[in-house]
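Taking the numbering used here, the leading residue of the sequence shown gets 4, the next gets one more, and so forth.
Beta carbons: idealized from backbone N, C-alpha and C, even for Gly.
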Amino acid sequence: MEACMKKLVCVMMFFLIVITLPLFSAGTSETVFPDPEKTITIVVPHAAGGGTDLIFRALVEEMKRISGQNFIVTNITGAGSATGTNEVVNGSADGYTMLGAGTHTTAATMQGLTEGYKALDYIVALNWDPFIIAVRNDKPWRTLKELETAAKANPGKLSFGNAGMGGATGVACVGMNLAFDKVFNVTPFNGGADLIASVLGGHCDVGIFSQSEVKANMDSLRPLAILGGAHSTIPELSSVPTLAEAGYPSLNIPSGSFRSLMVKNGTSEEAKKWLADIAEKAFNSDGFQKFMSSNGLIPAFHKLDDFAAYDATIIADYEPILKEAGLYKL
4 MEACMKKLVC
14 VMMFFLIVIT
24 LPLFSAGTSE
34 TVFPDPEKTI
44 TIVVPHAAGG
54 GTDLIFRALV
64 EEMKRISGQN
74 FIVTNITGAG
84 SATGTNEVVN
94 GSADGYTMLG
104 AGTHTTAATM
114 QGLTEGYKAL
124 DYIVALNWDP
134 FIIAVRNDKP
144 WRTLKELETA
154 AKANPGKLSF
164 GNAGMGGATG
174 VACVGMNLAF
184 DKVFNVTPFN
194 GGADLIASVL
204 GGHCDVGIFS
214 QSEVKANMDS
224 LRPLAILGGA
234 HSTIPELSSV
244 PTLAEAGYPS
254 LNIPSGSFRS
264 LMVKNGTSEE
274 AKKWLADIAE
284 KAFNSDGFQK
294 FMSSNGLIPA
304 FHKLDDFAAY
314 DATIIADYEP
324 ILKEAGLYKL
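Put into structure tokens, the structure is as follows:
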């Protein structure tokens, strides 16, 4: 009788283990990142078709190929780059939504448009895209000096467009206008694609663009100067003069757009490491390296804590410019 009872207890314990084991397994699998059934979204806070959008779409293709995970890009525009940034800041800290971040995030945060980098964690830094000042090719100005002369002869009449005040082109545009005694009518647009359409459509006199945007519209735009101290590595743009060559050696303004990936504060270390590792592999892929080279992008890869330290230098560079422009709100 006692032997039968022991056998019955053993049988019951076996069935109990069989029944509960899947529950424990299910609970464990839910904590593993990423869930292969879920999509990881990169929110680009600018319109489709602009320089920032194209960079993240190229990166996403490589991230999908390398990881087997489904990644998508979604464009959420408005308030410079703040509306898209706030979509990530106000979302879940689960790693399934990343921000296509960069100097536009820095600019929007400092202007009080979003909590921005104060509410985000660092994944990877990617690259820089130098700015180019350009006009439609039927405009009369062939040099930056000629444009400045025309603007000073007609203060407030010439519109100087940018991709939005919550972005790096907005800060650069304001910096240029301050250097030229505020003779331009600084005009923000809803992203790079909107700016391009307005300049090409004759609704804006001059714009400040990424290299990739100018390259894609070489038949219609006349570049006047590239910001920063070096010529473009894009063959079609290599003859564009630097600011110093254009006659402005001491002009100190943001010279390009920096792009990166960030997530909401509180995202797990496991998720951040996985995302950073996949992004690093995608960054180093032949496809993305070729994309950067053909578009004149300057590599600037940094990861996690190293990226945080790198971004601190960008923030320090931006603060005095925004304060001088009267845009600093922190």
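If I measure Cβ to Cβ from residue i and keep anything under 6 angstroms in the same chain, skipping five residues before and after, which residues do I get?
{"i": "G159", "result": "N188"}
{"i": "E118", "result": "V92"}
{"i": "N89", "result": "T117"}
{"i": "Y120", "result": "T108, T112"}
{"i": "S162", "result": "N188, T190, C207, D208"}
{"i": "S103", "result": "At residue 103 the sequence reads Gly, which differs from the Ser that was named. Result list for G103: I45, V47, F59, in chain order."}
{"i": "T106", "result": "A171, S260, F261"}
{"i": "V76", "result": "I45, V47, F59, R60, V63"}
{"i": "L123", "result": "M265"}
{"i": "N298", "result": "S215"}
{"i": "G290", "result": "E65"}
{"i": "G53", "result": "G194, G195, A196"}
Using a threshold of 8 angstroms, state whether the C-beta atoms of residue i and residue j are closer than that.
{"i": "Y271", "j": "F74", "result": "First, the residue type needs correcting, since residue 271 is Ser and not Tyr in the sequence shown. Not closer than 8 angstroms, so no."}
{"i": "G83", "j": "M221", "result": "no"}
{"i": "A285", "j": "E65", "result": "yes"}
{"i": "V174", "j": "Y321", "result": "yes"}
{"i": "D132", "j": "S213", "result": "yes"}
{"i": "F192", "j": "G164", "result": "yes"}
{"i": "N140", "j": "R68", "result": "no"}
{"i": "A228", "j": "V186", "result": "no"}
{"i": "Y99", "j": "L307", "result": "no"}
{"i": "H49", "j": "G194", "result": "yes"}
{"i": "M179", "j": "I256", "result": "yes"}
{"i": "F310", "j": "A128", "result": "yes"}
{"i": "P323", "j": "N130", "result": "no"}
{"i": "V243", "j": "I135", "result": "yes"}
{"i": "A137", "j": "G210", "result": "yes"}
{"i": "A166", "j": "A51", "result": "no"}
{"i": "A182", "j": "L254", "result": "yes"}
What are the residues that DSSP puts in a beta bridge with residue i?
{"i": "A104", "result": "S263"}
{"i": "A3", "result": "The structure shown does not extend to residue 3, since the chain is modelled only from 4 through 333, so no value can be given for it."}
{"i": "F163", "result": "V189, V209"}
{"i": "I43", "result": "F74"}
For residue i, does the three-state DSSP call read helix, strand or coil?
{"i": "I301", "result": "strand"}
{"i": "S213", "result": "strand"}
{"i": "N73", "result": "strand"}
{"i": "I289", "result": "A small correction: the amino acid at residue 289 is Asp; Ile does not occupy that position in the sequence shown. D289: helix per DSSP, three-state reduction."}
{"i": "T152", "result": "helix"}
{"i": "W144", "result": "coil"}
{"i": "L129", "result": "strand"}
{"i": "L307", "result": "coil"}
{"i": "T245", "result": "strand"}
{"i": "D184", "result": "coil"}
{"i": "D124", "result": "strand"}
{"i": "E118", "result": "coil"}
{"i": "L62", "result": "helix"}
{"i": "T270", "result": "coil"}
{"i": "T109", "result": "helix"}
{"i": "P257", "result": "coil"}
{"i": "F36", "result": "coil"}
{"i": "L330", "result": "coil"}
{"i": "T80", "result": "coil"}
{"i": "A29", "result": "A caution first: A29 carries a pLDDT of 46, below 50, which makes its placement in the model too unreliable to give a value."}
{"i": "S223", "result": "coil"}
{"i": "Y313", "result": "helix"}
{"i": "T236", "result": "coil"}
{"i": "M168", "result": "coil"}
{"i": "Y99", "result": "coil"}
{"i": "A282", "result": "helix"}
{"i": "G342", "result": "Shown here, the chain extends from 4 to 333; a query on residue 342 therefore has no answer."}
{"i": "Y251", "result": "coil"}
{"i": "G87", "result": "helix"}
{"i": "G94", "result": "coil"}
{"i": "K53", "result": "Checking the displayed sequence, the identity of residue 53 turns out to be Gly instead of Lys. Correct three-state label for G53: coil."}
Just to confirm my understanding: we take residue i, look at its own chain, exclude 5 residues before and 5 after, and list those with CB closer than 7 angstroms. What are they?
{"i": "E239", "result": "K218, M221"}
{"i": "T86", "result": "P48, I79, T80"}
{"i": "F294", "result": "A61"}
{"i": "I317", "result": "T106, T109, F261"}
Once the 5 residues before and after residue i are set aside, which same chain residues still bring their CB inside 8 angstroms of it?
{"i": "L325", "result": "A110, M113, Q114, V174, Y331"}
{"i": "S296", "result": "T236"}
{"i": "P39", "result": "G71, Q72"}
{"i": "G94", "result": "T100, K267"}
{"i": "L333", "result": "T112, M113, G115"}
{"i": "E283", "result": "V127, F304, K306"}
Is there contact between the segment 237-250 and the segment 61-81, where contact requires at least three CB pairs shorter than 8 angstroms? no
Meets three-Cβ-pair contact criterion under 8 angstroms: the segment 57-71 and the segment 141-153: Contact between the segment 57-71 and the segment 141-153 is absent, because fewer than three Cβ pairs lie under 8 angstroms.
I want to know whether the segment 273-280 touches the segment 252-263 - three or more CB-CB distances under 8 angstroms. no
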